[in-house]
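Asker:
In this note's numbering, the protein residues as written are 5 to 152.
1. Rank 121, 135 and 120 by C-alpha distance to the C-alpha of residue 127 and give the top, closest one.
2. What's the call for residue 103, buried or exposed, on a 16-neighbour Cβ count within 10 Å?
3. Report yes or no: do the segment 89-98 and the segment 70-79 share at least 3 C-beta pairs separated by less than 8 angstroms?
4. Residue 65: which of 141, 122 and 48 sits nearest, CA to CA?
5. Leaving out the 5 sequence neighbours to the left and right, which residues in its chain are closer than 7 angstroms to residue 101 when beta-carbon positions are compared?
6. What is the C-beta distance between residue 147 and residue 49, in whole angstroms, given that I count them as a contact (C-beta under 8 angstroms)?
7. Please look up how many angstroms separate the CB atoms of residue 14 and residue 27, rounded, as I've assumed it's under 8 angstroms.
8. Cutting at 6 angstroms between CB atoms, please list the residues of its own chain near residue 133, excluding the five before and the five after it.
9. Can you grab the Cα-Cα spacing for the pair residue 9 / residue 122, in whole Å?
10. Am I right that residue 79 and residue 117 are in contact with their C-beta atoms under 8 angstroms? What's the rounded C-beta distance?
11. Excluding the 5 residues flanking residue 23 on each side, which residues of the same chain have their C-beta closer than 6 angstroms to its C-beta?
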């Protein structure tokens, strides 16, 4: 699984003109299931994500996690993170999980996140989403459970 996390001061997702998910300060995370991923990879990514230290402590060092600062978590499904861009000028999505598996793993990831974190909002799998965010820093990190 892949998570592209961005530390944000705010973020939101709009589908068909309606805001379906929004957070104030926290992490906006694009989430992607890759072919052959299982709940094991989803759990590993979530554990790393919730503990990843990207928020400043009193000394200004990145020593606090989203859990430590009780920040919001906006989880947005995005299969394009698994794109193979090695050749040509059109990406291949062969590395991405099949849509049914991607949906199942995204829903599992969200369910587990809601059990472990207070504020969890989401995008909508398969929808044409408009994602807005104010990246704080900017701070952006790529997390991957099974790097290719």
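The C-beta atom is built at its ideal place from N, Cα and C for all residues, glycine as well.
If you're wondering where the values come from, they're calculated on a predicted model, not measured in any experiment.
Answerer: In terms of the structure at hand:
1. The residue with the shortest Cα to Cα distance from residue 127 is 135.
2. By the neighbour-count definition (other C-beta atoms within 10 Å, threshold 16), residue 103 is an exposed residue.
3. Touching, no.
4. The candidate whose alpha carbon is nearest that of residue 65 is 141.
5. Here the set comprises 37, 38, 39, 41 and 109.
6. About 6 angstroms; that satisfies the 8 angstroms criterion.
7. Confirmed, about 7 angstroms.
8. Only 17, 19 and 127 meet the Cβ criterion.
9. In this structure, the alpha-carbon of residue 9 lies about 18 angstroms from that of residue 122.
10. Confirmed, about 6 angstroms.
11. Closer than 6 angstroms at Cβ, skipping near neighbours: 16.
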